[in-house]
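Counting from 1, position 20 in the sequence shown corresponds to residue 20 in UniProt numbering; the numbering is continuous, with no gaps.
Built from N, CA and C at the ideal position, the CB exists for glycine as well.
Single-structure report; data block below.
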Amino acid sequence: MLFDDEVTVRFPPHAGADFAKQLVVGKPLVVEGDTRATPHGVLIHAHALGSKAATLKQIAHPPHGPGAHKPKPKH
Numbered sequence: 001m002l003f004d005d006e007v008t009v010r011f012p013p014h015a016g017a018d019f020a021k022q023l024v025v026g027k028p029l030v031v032e033g034d035t036r037a038t039p040h041g042v043l044i045h046a047h048a049l050g051s052k053a054a055t056l057k058q059i060a061h062p063p064h065g066p067g068a069h070k071p072k073p074k075h
C-alpha cells in the first residue's frame, strides 16, 4: 500500500482480507511496525493495523523456520 506522502506499508497477503474494511481510499489508517528509510521513501513492515491507535489489531504471521508446518508434495 502506498500513501500520498510516499510511505509504503507492507503486510502479508493473507492480511488483506482480514483488514479489507480499513484498506479503503480516504479512510484513516494507523500502522505499527518496523520503519526504514529507503531511497524511494519510507517503508513500514506492518505488525498491526487499525483505524485509530486504540483499535490496532495485530497481524497474525504464520510460523517460519524449522518448526513450521510444511505442505505435503502433490504427486
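Let's see if you can read the secondary structure: which residues bound the beta strand (DSSP E) around His14?
Within the sequence shown, residue 14 is the residue found at index 14, counting from 1. No beta strand (DSSP E) holds His14; the alpha helix (DSSP H) holding it covers 13-18.
8 Å is my cut-off, CB to CB: does Val7 come that close to chain B?
Annotation note: the requested chain B is absent from the structure, which comprises a single protein chain.
Leaving aside the five residues before and after Leu2 along the sequence, list all residues of the same chain whose C-beta is less than 7 Å from its C-beta, in chain order.
Residue numbering aside, residue 2 sits at position 2 when the sequence shown is read from its first letter. Cβ neighbours of Leu2 beyond the five flanking positions: Thr8.
What did DSSP end up calling Ala54 once you bin it into helix, strand or coil?
The count along the sequence shown starts at 1 and reaches residue 54 at position 54. Here Ala54 sits in helix by DSSP.
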